[in-house]
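This report refers to the structure that appears directly beneath it.
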Amino acid sequence: MCDQTFMAATFGPCDSCSKASPLMNIYIKSEAINYCSFCVEMMACQGLQKGETLATLKKESENLKKKLEEERGKLNDIELHQVAEKVEAVAALSLKTRRVLKGHGNKVLCVDWCKDKRRLVSSSQDGKVIVWDAFTLNKEHGVTLPCTWVMACAYAPSGCAVACGGLDNKCSVVPLSLDRNENLAAKKKSVAMHTNYVSGCSFTNSDMQLLTSSGDGTCALWDVESGQLLQSFHGHTADVLSLDLAPSETGNTFVSGGCDMKANVWDMRSGQNIQSFESHESDINCVKYYPSGDAFASASDDATCRFYDLRADREVAVYQKDSIIFGASSVDFSLSGRLLFTGYNDYTINVWDVLKGTRVSILLGHENRISRVRVSPDGTALCSASWDNSLRIEGTGPRGNPTHPAPQLHPPAHSGRSQSVPRADRIYSPSNKFLVFPWVFSQWEWLGKSSKGSALEPS
Amino acid sequence: MPGPANIVAMKKVVQQLRMEAGINRVKVSQAAADLQQFCLQNAQQDPLLTGMSSSNNPFRPQKVCSFL
Numbered sequence: 001m002c003d004q005t006f007m008a009a010t011f012g013p014c015d016s017c018s019k020a021s022p023l024m025n026i027y028i029k030s031e032a033i034n035y036c037s038f039c040v041e042m043m044a045c046q047g048l049q050k051g052e053t054l055a056t057l058k059k060e061s062e063n064l065k066k067k068l069e070e071e072r073g074k075l076n077d078i079e080l081h082q083v084a085e086k087v088e089a090v091a092a093l094s095l096k097t098r099r100v101l102k103g104h105g106n107k108v109l110c111v112d113w114c115k116d117k118r119r120l121v122s123s124s125q126d127g128k129v130i131v132w133d134a135f136t137l138n139k140e141h142g143v144t145l146p147c148t149w150v151m152a153c154a155y156a157p158s159g160c161a162v163a164c165g166g167l168d169n170k171c172s173v174v175p176l177s178l179d180r181n182e183n184l185a186a187k188k189k190s191v192a193m194h195t196n197y198v199s200g201c202s203f204t205n206s207d208m209q210l211l212t213s214s215g216d217g218t219c220a221l222w223d224v225e226s227g228q229l230l231q232s233f234h235g236h237t238a239d240v241l242s243l244d245l246a247p248s249e250t251g252n253t254f255v256s257g258g259c260d261m262k263a264n265v266w267d268m269r270s271g272q273n274i275q276s277f278e279s280h281e282s283d284i285n286c287v288k289y290y291p292s293g294d295a296f297a298s299a300s301d302d303a304t305c306r307f308y309d310l311r312a313d314r315e316v317a318v319y320q321k322d323s324i325i326f327g328a329s330s331v332d333f334s335l336s337g338r339l340l341f342t343g344y345n346d347y348t349i350n351v352w353d354v355l356k357g358t359r360v361s362i363l364l365g366h367e368n369r370i371s372r373v374r375v376s377p378d379g380t381a382l383c384s385a386s387w388d389n390s391l392r393i394e395g396t397g398p399r400g401n402p403t404h405p406a407p408q409l410h411p412p413a414h415s416g417r418s419q420s421v422p423r424a425d426r427i428y429s430p431s432n433k434f435l436v437f438p439w440v441f442s443q444w445e446w447l448g449k450s451s452k453g454s455a456l457e458p459s
Numbered sequence: 001m002p003g004p005a006n007i008v009a010m011k012k013v014v015q016q017l018r019m020e021a022g023i024n025r026v027k028v029s030q031a032a033a034d035l036q037q038f039c040l041q042n043a044q045q046d047p048l049l050t051g052m053s054s055s056n057n058p059f060r061p062q063k064v065c066s067f068l
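So the protein sequences, as listed, match chains D and L.
If you're matching positions, the first sequence starts at 1 in my numbering and goes up one per residue.
If you're matching positions, the second sequence starts at 1 in my numbering and goes up one per residue.
And the structure:
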């Protein structure tokens, strides 16, 4: 049987019956052939055993599903939180807002860290993609796509390019040049093409391959240079909303989740769906591997996050509370995997103890839905993107001092000016040419309260 | 959808299920112990969990504004 198909609008003689007709591009063991749709059906039916009918197949499928449930149930000898009973509880976290990134004109939909632990790329509903220096809050690059809802963006491992896509059904790669005046949009290169919106993208371990998930129900692996489809992944029965690559040591797999409420694990080389998990009661908005690669977490519109172990082949924890009634949009783990950060549609970010299944903390600050949470590559900060048009970076502080006061700062040299302007919306110097960096103030809270104004360069 | 397409789709589902039913699994106790071990082993290198001194923190507030 064909292991993958993808539609190509070609017309000509069929390789099988040689009648001129619209052709389907099929790969059999990576060899391309062009068959008309009738011959494709015929070929597919040859794979059927004698006496197999829809009824018998349905019955077998039911039996197999039951057997699968039984097998998974048999090995469920203990709960994760029981195993972790004796483990010390997580100490109070010392997270506080370190930066607020303002500049998008509409909902921020996606964000990704650069491997340099400093730069970020974010994409927005207004069609803009911005590359930030998270330390200085400078906007280093901006690209405008010819569509709204840029739902996916990703930094290349080299840090020299970003990928982005959304309602244009494409995923484009934009090389980042050092020349800030250069028009980046002109250098944009379409790599991936789907038949519906692109919901997620990620480079594999090099800049040369791009993995995408789409509303057309598939995921696909692309060659960046040629734009060629290397592998497609069929198995979801509705929109795929998210994907995540396995941590590099554990090999060539990735996990995807979508509107069919399923999370699928795939082999990148063969395109084979290796494992499938179906316990959410609504769309899965985000999936993320546990740092060891042995498990993954998912966030769903059913207001829960779940934790699936790949070797036990089942769900091992559910993170939920009666008080949480809004959908979960995004998840990410801290470096050790002990903390699970989850963004919700109720504007909050919850932090869960992965082992014990309890909520450790709630992070407030955003004024609309959280669309994405991402832990920085060195694990020192959490970046959240929101429909309130901003991104926030939560950083950590010294241990065991959760309420540690803001650092006592020396009055800055130009204190006359900054101290006379206590409000955040007036931190620009009068000429608007210079910016006063926000960390000259000893309090951070005002950054969140201010609706306008930020520590950005005037644009 | 015509008949053959339906039956082919069903066949695919069955093949997938057969494959998944044949997977080797470990007990949850084993899997949970391994997950826990990974957490605990790496806990000291997890700044968001354990906190970190301000001097190493890339997002620490700057002490003095050297501009203007």
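Cβ coordinates follow ideal geometry from the N, Cα and C atoms, glycine included.
- Along the length of the segment 365-401 of chain D, whole beta strand (DSSP E) runs at least 3 residues long occupy 370-375, 381-386 and 390-396, reported in chain order.
- Within the model, the alpha-carbon separation for D353(D) versus L363(D) is close to 14 Å.
- Following the DSSP letters along the chain, one finds S124(D) inside the beta strand (DSSP E) bounded by residues R119 to S124.
- Shown here, R180(D) sits in coil according to DSSP, grouped into three states, outside any helix or strand.
- By the criterion of at least three beta-carbon pairs nearer than 8 Å, the segment 327-341 of chain D is in contact with the segment 37-56 of chain L.
- For G73(D), the uninterrupted alpha helix (DSSP H) run begins and ends at L54 to K74, by DSSP.
- For K117(D), the C-beta contacts it makes with chain L under 9 Å involve P58, in order along the chain.
- Assigned with DSSP and collapsed to three states, K188(D) falls in coil, not helix or strand.
- Around the beta carbon of F11(D), fewer than 16 other beta carbons sit within 10 angstroms, so the residue counts as exposed.
- Checking the DSSP bridge columns, you'll see Q275(D) partnered with V265(D).
- Cβ contact annotation for D332(D) (same chain, cutoff 7 Å, sequence separation greater than five): K288, F341, V373, R374 and V375, in chain order.
- For the 7 Å CB-CB criterion, G271(D) and A303(D) do not form a contact.
- When the five nearest sequence neighbours on each side are left out, the beta carbons in the same chain lying within less than 6 Å of the beta carbon of V224(D) are those of V173, V191, M208 and L210, in order along the chain.
- For K96(D), no CB of chain L lies under 7 Å from its own CB, so it is not counted at the interface with that chain.
- Listed in chain order, the positions of the segment 270-292 of chain D with a beta carbon within less than 9 Å of a beta carbon of chain L are Q272, N273, I274, Q275, S276, Y290, P291 and S292.
- By the Cβ rule, the segment 107-114 of chain D counts as touching the segment 380-390 of chain D, because three or more pairs are nearer than 8 Å.
- Taking a contact as a CB-CB distance under 8 Å, the pair C219(D) and S213(D) counts as one, their CB atoms being some 5 Å apart.
- Taking A156(D) as the centre and dropping the five residues before and after it, the same chain places the C-beta of V162, A163, V173, F203 and D207 closer than 8 Å to its C-beta, in chain order.
- Taken in chain order, the complete alpha helix (DSSP H) segments of 4 or more residues contained in the segment 208-235 of chain D number zero; there are none.
- What S232(D) touches in chain L, judged by beta-carbon distance under 8 Å, is nothing: the nearest beta carbon there is about 14 Å away.
- Residue environment: C286(D) is assigned as buried (16 or more neighbouring CB atoms within 10 Å of its CB, all protein chains considered).
- Only buried fits G165(D), as 16 or more other CB atoms lie within 10 angstroms of its CB.
- With fewer than 16 neighbouring CB atoms inside 10 Å of its own CB, P13(D) falls in the exposed class.
- Excluding five sequence positions before and after T50(L), the CB atoms of its chain that fall closer than 7 Å to its own CB belong to A43 and Q44, given in chain order.
- Only residues of its own chain outside the window of five on either side were considered, and among them V316 and A317 have a CB closer than 6 Å to the CB of L80(D), listed in chain order.
- Looking at the DSSP output, K128(D) shares a beta bridge with T144(D).
- A direct Cα-Cα distance of roughly 14 Å separates G200(D) from A263(D).
- Close to chain L, meaning a Cβ-Cβ distance shorter than 9 Å, are the following residues of the segment 135-157 of chain D: F135.
- Going by DSSP, V108(D) is part of the beta strand (DSSP E) stretching over V108 to W113.
- Within chain L, no C-beta atom comes less than 9 Å from the C-beta of P22(D); the nearest is roughly 16 Å away.
- Taking C-alpha positions only, F233(D) is separated from W266(D) by approximately 8 Å.
- Collapsing the DSSP output to three states places K27(L) in coil.
- Distance from the CA atom of N138(D) to the CA atom of W132(D), rounded to whole angstroms, is 6 Å.
- Cβ neighbours of S276(D) within its own chain (closer than 7 Å, five residues either side excluded): K262 and N264.
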